[in-house]
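Everything in the sequence shown is counted per the working numbering, starting at 5 for the first residue and increasing by one.
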Amino acid sequence: MKWVGPIISSGVYFYQKRNYGLSLADLEDLKRVRNVGVVLGNDDSTYLDSQGLINLSTDKYQLQSFKKLNYGRVGVAPMSELVMPFLAKAADIDINSIERTPIKLYDSTLYIAFSNDTTDEAVALWLQIFDELTSSGMYQTI
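This is how it looks when you write it as structure tokens:
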């Protein structure tokens, strides 16, 4: 792959239902949570499993984990701070009923990906335009 970016970066934090009553500071605290909602097979699930969390409640889709969080079926669920508002809207859940915990799992950084078959010249042009947009302030405006 050939890459242009970074386009955007977002922290992946654990979220809980507001006033759920959990006091969480680090990954070790997650071991005390009844159920941690994760998407089966994704990086979050794999990493938390490798850290010895046996209280993972797996779903096929993140929206399912988010709904379980809202209904109190899981205590916390990791999600990107940029994705969370869209999940709330898709699930018809008041965004103010969910709160971010201080536990950050990682930063997610997104790039434009090109296949190796894309010419270096085409990728260089995209990179040049991206750099111009960024340095002019236009990218932040967009």
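For glycine and all other residues, C-beta sits at the position ideal for the given N, C-alpha and C.
By the neighbour-count criterion, in which a residue is buried when 16 or more other Cβ atoms sit within 10 angstroms of its Cβ, L34 is buried.
Here N46 is exposed. Its C-beta has fewer than 16 other C-beta atoms within 10 Å. Judged by pairs of C-beta atoms under 8 Å, the region 106 to 126 touches the region 16 to 29, as three or more such pairs exist. In the structure shown, I146 adopts coil according to DSSP, grouped into three states. One thing to note: G41 has its Cβ within 9 Å of the Cβ of S69. Put simply, the backbone Cα of R77 is about 12 Å away from that of D63.
DSSP assignment within the region 57 to 137 yields the following whole alpha helix (DSSP H) runs of 4 residues or more, N-terminal first: 66 to 74, 88 to 95. Burial state of G141 is exposed, judged by a 10 Å Cβ sphere holding fewer than 16 other Cβ atoms.
Proximity to T113 across I146, E85, G79 peaks at E85, based on C-alpha coordinates. One alpha carbon belongs to N74, the other to G9, and they sit about 34 Å apart.
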